[in-house]
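A.B. asks: I have a structure I would like to understand better, so I am pasting it below and will then ask my questions one at a time.
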Amino acid sequence: MSNTACPAIPKIIWMYWHEPLEKAPALIQLCHASWIRHNKDWRTVMLHGDPSQACLSATGVYHNIPTNIPLCHQSDLLRCALLADAGGVWVDATCLCVTPLNNWVFDVISSGFFAFRDPGPDRLISNWLLASVPGCSLVRSFYMEHERYWNENQFPDQNTKVRLNIRSKLNTILNRNPTLAFFWLYWPVRRILRVYPYYIFHYHFAMHIAKNKSSHSIFEAMPYHSADAPHILQMLARHQDLSMTEIKSILLSSSSPVYKLTWKEEIFQREGVDMETFLNNVLGTTHC
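Just so you know, we're using numbering that gives the first Met the number 0 here: the sequence shown kicks off at 0 and counts up by one.
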């Protein structure tokens, strides 16, 4: 893969955790260190606290990210705001880097935007790693739409018995493919039922791609890379009956430059083996 830097994408890695890094779980600190270790000529920026203020301090641009919605959805808005304003690569704090970005990201950013594809039958992309040139029209226009969704709709507590029941029924009906999932964005669901799904970012993104010709063109020009391989380490680690040798063997046949982990550190441990040793063992080298 090319090691030549593309001038259109700045060498900035954006990360976010709600607490300062020194207070974050060990897995978050380990993942953060992996991006620094493998990308020494990139600037790794770990933000924390209020997302609007974090964005302002990082880029000098204020965005009206609502604070009355779950933090995961505030983070969805934050990643788009940062990439629209400054470009670079966004990675979730639970993403482990195993290959330098210089070795692959410039080969997949030719359209100006990149995301791993098809993490499930209902989603076009994963959003735990996004890459973008500054001012990418897809990212900027989608950010504006998604921010408007959250600021113009007032959702009550989603964990009441009534709303949990409504969401469960709608999940069963709508979360079959991206097109059916569009209905989550329709007025009766937003304003009458007043519910939203966990993957609202992904469903809104799919609707945006379907309706915005410019964004659709950028998306279609993006090289295809499945989200399957980046998820495989987490999936295998959940099987406590698999030995580290067996996991390592499977990973060798489906390598990925990055692995999406989970904050549930216990799945990356075995009896007498801590998390960092486990990950270094199954990955075959010191990545952490």
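Glycine included, each C-beta is placed from N, C-alpha and C at the ideal position.
Bear in mind that the values here come from a model prediction, so they are computed numbers and not experimental data.
1. In this structure, what does DSSP give as the bridge partners for W13?
2. Grab me the residues of T43's own chain with a C-beta within less than 6 Å of its C-beta, minus the 5 sequence neighbours each way, in chain order.
3. Near F218, what residues of its chain come up, given a Cβ to Cβ distance below 6 Å and the 5 sequence neighbours on each side ignored?
4. Here's the rule I'm using: 16 or more other beta-carbon atoms within 10 Å means buried, otherwise exposed. How should Y258 be labelled?
5. If you follow the alpha helix (DSSP H) that Y148 is part of, which residue opens it and which one closes it?
6. Along the chain, where does the beta strand (DSSP E) that runs through K259 open and close?
7. Since N176 and N63 should fall inside the 8 Å C-beta cutoff, what is the C-beta to C-beta distance between them, to a whole number of angstroms?
8. Which value, in whole angstroms, describes the spacing of the CA atoms of F134 and S51?
9. Rounded to whole angstroms, what's the CA-CA distance from I246 to G119? Just pull it up for me.
10. R139 to Q233, Cα distance in whole Å?
11. Just the C-alpha distance for S74 and V107, rounded to the nearest angstrom, thanks.
12. Under the rule that 16 or more other beta-carbon atoms within 10 Å means buried, what is T159, buried or exposed?
13. If you drop the 5 nearest sequence neighbours on each side, which residues of the same chain put their C-beta closer than 7 Å to that of S131?
14. Under the three-state reduction of DSSP, which class applies to F112: helix, strand or coil?
15. Within 10 Å of its beta-carbon, does A236 have 16 or more other beta-carbons around it, so buried, or fewer, so exposed?
16. Quick check: the region 142-157 against the region 90-107, are there 3 or more CB pairs under 8 Å?
17. Restricting to Cα atoms, I'd like to know which of W186, L163, V90 is closest to Y197.
18. In angstroms, rounded to a whole number, what distance separates the CA positions of F115 and R166?
19. Can you look up N38 in the DSSP assignment and give me helix, strand or coil?
20. I believe E265 touches L26 by the beta-carbon criterion, under 8 Å. Please report the beta-carbon distance rounded to the nearest angstrom.
21. Between S214 and the rest of its own chain, which residues show a CB-CB distance below 8 Å, the 5 nearest in sequence each way excluded?
22. Once DSSP output is grouped into helix, strand and coil, what is the label at R190?
C.D. replies: Inspection of the coordinates gives the following:
1. V44, W89
2. I12, W34, I35
3. I208
4. buried
5. 136-151
6. 257-259
7. With 8 Å as the limit, N176 and N63 do not qualify as a contact, their Cβ atoms being about 32 Å apart.
8. Note on identity: in this sequence residue 134 is Gly, with Phe being the wrong assignment. Their Cα atoms are separated by approximately 18 Å.
9. Using only the alpha carbons, I get a separation of about 22 Å.
10. 31 Å
11. 24 Å
12. T159 is exposed by the Cβ-count criterion.
13. L82, G86, G111, F112, V138
14. strand
15. Flag for A236 reads buried.
16. no
17. The residue with the shortest Cα to Cα distance from Y197 is L163.
18. 27 Å
19. It is coil, neither helix nor strand.
20. Between L26 and E265 the Cβ distance is about 10 Å, and since that is not below 8 Å, they are no contact.
21. S136, L137, S140, F141, H207, I208
22. Assignment of R190 by DSSP, reduced to helix, strand and coil, places it in the helix class.
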